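*Asks:* Handing you this structure, nothing more for now.
There are 2 protein chains.
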Amino acid sequence: MSGISNITKSKFKIAIIGLGYVGLPLLHLSSKHFNVVGYDKDTYRVNSLNNLYDQNKQIKIKDLKDLKNKKIISSNENIIRNCNIYIITVPTPIDSRNQPDLKLVKNALKTILKFLKDGDLIILESTVYPGATLELSKKIIEKNSHFKINKNYYLGYSPERINPGDNKNNLNNVTKVISASNKKSLKIVKSFYSKFIKNLYVAESIEIAESSKIIENIQRDVNIALINELTLLFKKMDLPMKKILDASKTKWNFLNFQPGLVGGHCIGIDPYYLAYQAKRIGAKSNLILAGRKINNLMINKVYLDISNCINKIKLTNKANILFLGLTFKENCPDFRNSKNIALFELLKKKYKNIFAHDPYVDQNLKIKYKNNLTYRLDNFKKYDFIILAVKHNQYKNLQKKFGQTSVYDMKYFYKNSTFYL
Amino acid sequence: MSGISNITKSKFKIAIIGLGYVGLPLLHLSSKHFNVVGYDKDTYRVNSLNNLYDQNKQIKIKDLKDLKNKKIISSNENIIRNCNIYIITVPTPIDSRNQPDLKLVKNALKTILKFLKDGDLIILESTVYPGATLELSKKIIEKNSHFKINKNYYLGYSPERINPGDNKNNLNNVTKVISASNKKSLKIVKSFYSKFIKNLYVAESIEIAESSKIIENIQRDVNIALINELTLLFKKMDLPMKKILDASKTKWNFLNFQPGLVGGHCIGIDPYYLAYQAKRIGAKSNLILAGRKINNLMINKVYLDISNCINKIKLTNKANILFLGLTFKENCPDFRNSKNIALFELLKKKYKNIFAHDPYVDQNLKIKYKNNLTYRLDNFKKYDFIILAVKHNQYKNLQKKFGQTSVYDMKYFYKNSTFYL
């Protein structure tokens, strides 16, 4: 048998499919050690990167220059020709009915199939339900070719643990779980990642690795959901959740979660993937879905709570309101599936004089919210009400400048805010 | 006004009502600094303690001697006469319909009322729903007397954080939350506890302190429930939960919970208290109750899983089975509401040759399970199947002695057990 299992490390040629939050850092790090190319069908993204602009702000300009000079980023799929390892890092979102939307993974596999050679290895990094890696490659690769797993090609799964906006936990310093379809391919997967990642953890099977990833985010989602349920419950009792949590946190094993909106492209999405697979096999996921239900409810509850607070201090719909933060998460320029944007839109319908600020605001938003955006973080006197939605570092020391203006603090970011979620 | 608010510390006379897991350590510690007495209406418990026997194994014999010599433990309520601080530490269980059973707190208040004097202070340590301390004292004290809160008597709430079987987190080294009905009584509460507890945390109100306590246990219950739901789901997919968790745990923020039965008198009970109060005020507790439902289901699921495993290795109902651990928790002599006992009973119906072992087995169990108990931890060869239900320290190094016998490991206690929950 030819292919990857018989070649030495120096002959690895790696294709990374998808150059977003997961693919770009992987391309950057691995390119220091391997012959690697990056493919993304999004020409805008590829052009940006080749123009030394990373909208996700993960990679330094000098590193982008380096990638550009190597000419290894392209939106032309031919760039992956002659590779023997293909790493898929595309998003795995849900559709409007909260069902897994695996189109991008499927498309990636279709692209790979055009170039796949005997003995090649395909590694998936995207979050999927247990069994999906094998299921999809059977469906896309094997049904449409002579390729048979562990005979003509190999599979690997190594879940990404990229944490947008987190400078402490990076690709190269966190433990990365790896797995593969057999021992031979596991060796290859290992020798690839071990070159630039210190701590690898070998999962015994692809399904174990898939499961381990998806439950990490589900655990987070359910924990936030519980705090959200408690927050709503205590609000009905007129009890301040922040102060309750401050007291609970003094117990040695209390878990420090806070109420809030769950947006983004992981925590609020992944539970639906597992629930989908559970349903297919006739298993239950009641708790997981109960958590999702509460977290989905929160946007309306927060909207109503803010409206109540505005009423309480006798402001009208004409109040001047400042809305701080639109990204889905702090210190991260990501607006995809941001519930803060959704909340802002709800509020904007009722309060015409509401203005949003976000240090990461992009061209799309600049156009969309033209008259309801502000770029200044001063003169807070002109606002009657301030809503802190995202705890960007830029907002850290603002409280003393707010003066007498009432603040609704969704993130427990400031001491002695007028109102807390 | 006379009473506690005008007397000095040296004149505190404290009554502790309820001498169980919470009351006895409190009596022991506070007796070193204060004039304090302990009352428990359970004569058996009082006699045991005065005979230097603490079935909970919390207090050393020499300390029991000390308490005995001081003659401060009694089942005669007259012992609390002339006290000015009353601390209630009785259990707060649920009834057969999972409703709060507050009888013991009510009885304690009724007893206190017989001796209550103007200016006295009542502190509750038992876990209750938010608002219960005030509600119950209005109902029992104020309705049946001239006493009015903050006028003739004061209230405090300081939730217990006793963790049975845990030698690291003790009454005197963990942070204790305190609260009171007004500033005056808060001062008294503080000066009492601060004498023997290093870290106090003042909650702004009794309701905040009550809430902070109840959510600690609810958070634990829901987290175990999630892992239980995932375990059942992955079992249906034939995926090993232990290995999945081992992989997930390599993520920096994954929370290390394990599947299992939730018994005892806190984690499985407290959620119902909050759910009860939520219902009364028309708030939702769906997630909390979904967690309870799963954790209640687990006993049957574990029973079926064990039966399956026994079938898998072709054993019959006549198999010799060893069941290790009957307490609700490791290294703790507590059998109350132990789901391990309930599981053992289920198994005993089907497998006549099942034998339980527990280092803490008490007289009741010795009588109840006479022919199905063993006191020996050797000759494991005679068993066809071993079930590890509780990870008592005594069981730590047994695996190498098990030989070829199959082991069902409910607690992920051993490496390479034949079966895991």
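Line by line, the protein sequences give chains D and G. In this text, residue positions in the first sequence follow my numbering: the first is 908, and each later residue adds one. In this text, residue positions in the second sequence follow my numbering: the first is 908, and each later residue adds one. Think of the CB as a built atom: it goes at the ideal place given N, C-alpha and C, for glycine as much as any other residue. Just so it is clear, the structure is predicted and the values come from calculations on it, not from any experiment.
Going by DSSP, which residues form a beta bridge with ASP973 of chain G?
*Replies:* According to DSSP, which records beta bridges pairwise, ASP973 of chain G is partnered with nothing at all.
*Asks:* At least one CB of chain G closer than 8 Å to the CB of LYS920 of chain D: is that the case?
*Replies:* no
*Asks:* Ordered along the chain, which non-local residues of its own chain (more than five positions away) have a Cβ less than 8 Å from that of ILE1206 of chain D?
*Replies:* LEU1168, LYS1246, ALA1249, LEU1250, LEU1253
*Asks:* Under 8 Å, Cβ to Cβ, is there at least one residue of chain D near PRO1037 of chain G?
*Replies:* yes
*Asks:* Determine the direct distance from the alpha carbon of VAL1084 of chain D to that of ALA1154 of chain G, and round the result to whole angstroms.
*Replies:* 7 Å
*Asks:* Please confirm whether LYS1257 of chain G and SER1313 of chain G have their CB atoms less than 8 Å apart.
*Replies:* No. Outside cutoff.
*Asks:* Return the bridge partner residues of TYR1108 of chain G from the DSSP annotation.
*Replies:* G:VAL1084
*Asks:* Cβ closer than 8 Å: which chain D residues qualify as neighbours of ILE1201 of chain G?
*Replies:* ASN1193, LEU1194
*Asks:* Just the chain D side, please: which residues come within less than 7 Å of SER1155 of chain G by C-beta, in chain order?
*Replies:* SER1119, ILE1122, GLU1123
*Asks:* If I measure Cβ to Cβ from ALA1087 of chain G and keep anything under 6 Å in the same chain, skipping five residues before and after, which residues do I get?
*Replies:* GLY1063, LEU1093, VAL1096
*Asks:* Helix, strand or coil, according to DSSP, for SER909 of chain G in the structure here?
*Replies:* Below a pLDDT of 50, predicted positions are generally treated as unreliable, and SER909 of chain G, at 49, falls in that range; the measurement from the model is reported next regardless. Looking at SER909 of chain G - three-state DSSP - the assignment turns out to be coil, as it is neither helix nor strand.
*Asks:* Along the chain, where does the beta strand (DSSP E) containing TYR1064 of chain D start, and where does it finish?
*Replies:* 1060-1064
*Asks:* On a Cα-Cα basis, can you pick out the residue from G:ASP1027, G:ASN1070, G:LYS1010 that is closest to CYS1173 of chain G?
*Replies:* G:ASN1070
*Asks:* Identify the continuous beta strand (DSSP E) that holds TYR1210 of chain G and give its terminal residues.
*Replies:* First-last for TYR1210 of chain G: 1193-1219, but that is the alpha helix (DSSP H), not the beta strand (DSSP E).
*Asks:* May I ask you to list the residues that DSSP assigns as paired with ALA1182 of chain G?
*Replies:* DSSP, once it has assigned bridges, lists no residue as partnering ALA1182 of chain G.
*Asks:* Are ASP1265 of chain G and THR1223 of chain G closer than 8 Å when you measure CB to CB?
*Replies:* For ASP1265 of chain G and THR1223 of chain G, no; Cβs fall outside 8 Å.
*Asks:* State the start and end residues of the unbroken beta strand (DSSP E) segment that holds ILE995 of chain G.
*Replies:* 992-995
*Asks:* Would you call the segment 990-998 of chain D and the segment 1025-1045 of chain D touching, i.e. three or more CB-CB distances under 8 Å?
*Replies:* yes
*Asks:* Tell me, which residues are paired with TYR1315 of chain D by DSSP?
*Replies:* D:ILE1294, D:PHE1326
*Asks:* At a cut of 8 Å, does the segment 1142-1152 of chain G reach the segment 1158-1165 of chain D through at least three beta carbon pairs?
*Replies:* no
*Asks:* For the beta strand (DSSP E) containing VAL943 of chain G, list its first residue and its last residue.
*Replies:* 942-946
*Asks:* Would you list, in chain order, the members of the segment 1061-1094 of chain D that have their beta-carbon closer than 7 Å to a beta-carbon of chain G?
*Replies:* Residues passing the 7 Å Cβ filter: ARG1068, ASN1076, VAL1081, THR1082, VAL1084.
*Asks:* Can you find a C-beta in chain D that's less than 8 Å from the C-beta of SER909 of chain G?
*Replies:* Residue confidence for SER909 of chain G is low, a pLDDT of 49 falling below 50, so the modelled location carries little weight and cannot support an answer.
*Asks:* Rounded C-beta distance between LYS867 of chain D and LEU1139 of chain D? I'm assuming under 8 Å.
*Replies:* In the structure displayed, chain D extends from 908 to 1328; residue 867 of chain D sits before or after that span and is not available.
*Asks:* State yes or no: is the beta carbon of TYR1108 of chain G nearer than 8 Å to at least one beta carbon in chain D?
*Replies:* Answer yes: the Cβ-Cβ gap between TYR1108 of chain G and chain D drops below 8 Å somewhere.
*Asks:* For a cutoff of 8 Å on Cβ pairs, would you count ALA1185 of chain D as touching chain G?
*Replies:* yes
*Asks:* Whose C-beta lies closer than 7 Å to the C-beta of ASN1202 of chain G among residues of the same chain, with five residues either side of it excluded?
*Replies:* ASP1128, ILE1131, ALA1132, ASN1135, VAL1169, GLY1175
*Asks:* Which of the three DSSP states, helix, strand or coil, is assigned to LYS964 of chain D?
*Replies:* coil
*Asks:* In chain order, what residues of the same chain lie with their CB nearer than 7 Å to the CB of SER1192 of chain G, ignoring the 5 residues before and after it?
*Replies:* LEU1181, ALA1182, ALA1185
*Asks:* Could you name the residues of chain D that SER1209 of chain G contacts, counting a contact when the two beta carbons are closer than 9 Å?
*Replies:* Here residue 1209 of chain G is Val; the residue named in the question, Ser, does not match the sequence. Under the 9 Å cutoff, chain D gives no residues; its nearest Cβ is about 16 Å from VAL1209 of chain G.
*Asks:* Output, in chain order, the set of chain G residues within a Cβ distance shorter than 9 Å of PHE1103 of chain D.
*Replies:* Here the premise fails: no neighbours, minimum Cβ distance about 17 Å.
*Asks:* On the three-state DSSP scale, how would you describe PHE1251 of chain D?
*Replies:* helix
*Asks:* Taking just the CA atoms, how far does ILE1001 of chain D sit from GLY945 of chain D?
*Replies:* 25 Å
*Asks:* So which residues of chain G does LYS1158 of chain D contact, with C-beta pairs closer than 8 Å?
*Replies:* ARG1068, VAL1081, THR1082, GLU1123
*Asks:* Using a Cβ-Cβ distance cut-off of 8 Å, determine whether VAL1129 of chain G contacts chain D.
*Replies:* Between VAL1129 of chain G and chain D, the shortest Cβ-Cβ separation is below 8 Å.
*Asks:* Is it the case that the Cβ atoms of THR1345 of chain G and ILE921 of chain G are separated by a distance below 8 Å?
*Replies:* Since the first and last residues shown for chain G are 908 and 1328, residue 1345 of chain G lies out of range.
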